[in-house]
Structure formats: structure tokens, C-alpha cells
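Only one structure is covered here, and it is reproduced in the block below.
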Ligand SMILES: Nc1ncnc2c1ncn2[C@@H]1O[C@H](COP(=O)(O)OP(=O)(O)O)[C@@H](O)[C@H]1O
Ligand SMILES: [Mg+2]
């Protein structure tokens, strides 16, 4: 089953593509986006001068993954000299709307165009990040729908601008008269807001052009070998294609490898199910780099755990024993006799207990 892989089954291609500036990591909730983006940023930090990882998922967990508190300004990750992390919440960021004079208009706009406030704070964030000059920026994105909305922001802003224009035409000079009447200075006037929207649009448009450049940007899809995840991934890949955003890496996380001496019927059944979907992933995405990651017995938290898991990202998974080999059979026999011994002992104990009672 290992030799079905055409493109190399690792994320090495991302580490080697040194023109990359933006790496998006996305997929459904709970599949391992934060784990994978954290590890990608750790690996990139080994080959790049500086790396920033940004979480745009309102359910932040970079802090959990790295076991360190992060805020909306970049913070050096403990144990690194060139890896920074920040968490931004696109839904509650209120920098734009906090000026009194703008409140009315901005909330008017926010009601008129869903997503405009989010778009503006995303633009602010991108503007900030662009001035910081990181070699590469990794995005731990929110679940699917959310991410794609972020990528549609230029058109959202366009709508915002049009709405502003139509408001302006409708009320003529009334609004600017009012802002003057209430003693608000020009910073909060309608023209200032319009100007701000225009500059946001410029930033977003520039960034979006970069997002559509496969030399600069790629999107890594994280999923698990199950029906819904396969389906979601296909939807995601299609949307990305529609937005002209490059994607050629799929990470399949939580794979049960058939190397452990599995005797459990449940696990065996799950493995068969996973294999069915793995086959479909390989069939559908034969031109993608598909990286398979094993399901670990424990969570992946803390830099140490992330570091040790990171080896699985660059070297395709190798079962430690080969199915049907003498070594593997010996281990299975030894495991089974241990299980038999344990069961016999338990039975013995129970029988003794019964005799007493
Ligand atoms: N391969 C794996 N084996 C075991 N636990 C994992 C694996 N990948 C992720 N986890 C754990 O699963 C949980 C969810 O992963 P996370 O990366 O936060 O997902 P997401 O960001 O997509 O919601 C975390 O507790 C993480 O440590
Ligand atoms: Mg997450």
C-alpha cells in the first residue's frame, strides 16, 4: 500500500520551496490543523530566517499546542530564536469601530454587508504583518467555511465601498454636515472613512494577488481518513481552485497503521474503513503530496511533543515491522500468550474469590 504514492509522501516540498511567503493550513475542526501548522512552522524555522504562525481560528489553540500564552502581537516561541506566534480573532477585533464618530457608519455598513468588519480587521492584520518582514507566514485557519470567506474579502470590501458611495449620494452632504455639527474632526468624517476603506481595499487587493501566486502561497489541506472529511476536502480543493489558490498538499492525520499487533476487532474494522478512504484520497489526488500521519496514543502538546512528531512530516511513515515476517509473528505470538496468561490469572482469582464466598 505504501508504493501507491506518486508524489513524495511528505511535506518536504513546502520546506524546499523557498519562494513561499504564505502557507495556509485548513480543514475541518479537530482534524489536526493546529498540530500540523505548528509543526510546519517549527520545520520552516529550521530552514528560514524567520517564521510567524498566526491563528485566525476563534477557538484558539496555538497556546495549547505550544503550552505558552500568545496574544494578538507576535511573541517569540519558547526555545526558538526565529519562530513567532500570534492569535487574532477576526470576529471580535474592534479597532476599526472603536472611534465614536465611526460607530454609526461602521455598524451601518456591518449590517449592510455581512463580513465587512471581519474583512477590515483582517486587512489591518495583514497590513501589520506585511510591515514586519517575516520570511514566511503560516496560517492556522478556522474551519473551512470561515477560511474561504477570508479569501473573498476583496469583493466584500468592494461591496462595502459601493454601499458607502450610495449612502453618500443618497444623503448628499448631510452626513459630513452632521459630523461637523457634532464637533467630530475630519478623522472621523465620512471622507476619512471612505479613504480608510479605499486603503484597506488596496492592501487586501495586493495581498490577494500574492495569495493567487503559487510561488508565494500554498494551501495545505488537513483531513482524516473518513467519509465526511474526504467530502469536505474535495469541497475545499474545489473552492480553492475557484479562488485560484494553489493547493498540492494533503495531510491525512490520525491514520491507524497496521503495524501494531492489533488483535482488537474494533480497531481492525476501523483500519479497513480507513483504508477504503485512503485509497480514495490517493485516487482523487494522485498529483498531490499526500502525507500520512499516525494516530498517536496521546495528544500532541508542548514543543517537545511537536518536535518529536515533526519527523513524521518529512519521512514517510515506515512500519517498524513488516507484516508476515518472522519478527512480526514472534511478537504477535508473544503478545497473545501474555494476554492468555493475564486472562488465566484473572479467571483463577475470580474462582478463588467464589470459593471463599
Ligand atoms: N496524530 C495525532 N495523534 C493523536 N492526537 C492528535 C493527533 N493529531 C492531533 N492530535 C490531538 O488532537 C487534538 C485536536 O488537534 P488540533 O490540531 O487542535 O485540531 P484542529 O486545530 O484541527 O481543531 C489535539 O489535542 C491534538 O493534540
Ligand atoms: Mg485548531
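Numbering (the numbering used here), first residue to last: 648 to 1004.
Don't be surprised by glycine CBs; every beta carbon is placed ideally from N, CA and C.
Which residues mark the beginning and the end of the alpha helix (DSSP H) in which residue i is found?
{"i": "residue 661", "result": "659 to 663"}
{"i": "residue 889", "result": "874 to 889"}
{"i": "residue 914", "result": "912 to 931"}
Pick helix, strand or coil for residue i, following the three-state DSSP scheme.
{"i": "residue 775", "result": "helix"}
{"i": "residue 714", "result": "coil"}
{"i": "residue 948", "result": "coil"}
{"i": "residue 799", "result": "coil"}
{"i": "residue 706", "result": "coil"}
{"i": "residue 905", "result": "coil"}
{"i": "residue 969", "result": "coil"}
{"i": "residue 979", "result": "helix"}
{"i": "residue 957", "result": "helix"}
{"i": "residue 666", "result": "coil"}
{"i": "residue 656", "result": "coil"}
{"i": "residue 998", "result": "helix"}
{"i": "residue 649", "result": "Legend: pLDDT at residue 649 = 45, less than 50; position of this residue unreliable, value from coordinates given subsequently. Residue 649: helix per DSSP, three-state reduction."}
{"i": "residue 676", "result": "coil"}
{"i": "residue 745", "result": "Note that residue 745 scores a pLDDT of 45, beneath 50, so its modelled location is shaky and nothing firm can be said."}
{"i": "residue 740", "result": "With a pLDDT of 44 at residue 740, under the threshold of 50, the predicted position of this residue should be treated as unreliable, though the coordinate-derived value follows. Three-state DSSP puts residue 740 in coil, outside helix and strand."}
{"i": "residue 989", "result": "helix"}
Ends of the beta strand (DSSP E) at residue i?
{"i": "residue 671", "result": "669 to 673"}
{"i": "residue 780", "result": "Counting along the chain, residue 780 falls outside any beta strand (DSSP E), and DSSP gives it neither H nor E."}
{"i": "residue 730", "result": "730 to 734"}
In the DSSP assignment, what residue or residues form a beta bridge with residue i?
{"i": "residue 682", "result": "BP columns for residue 682 are empty, so no partner."}
{"i": "residue 896", "result": "867 and 936"}
{"i": "residue 700", "result": "732 and 785"}
{"i": "residue 723", "result": "731"}
{"i": "residue 941", "result": "902"}
Legend entry - Whole alpha helix (DSSP H) elements within the segment 833 to 872, 4-residue minimum: If we require 4 residues or more, the alpha helix (DSSP H) runs fully inside the segment 833 to 872 come out as 837 to 858.
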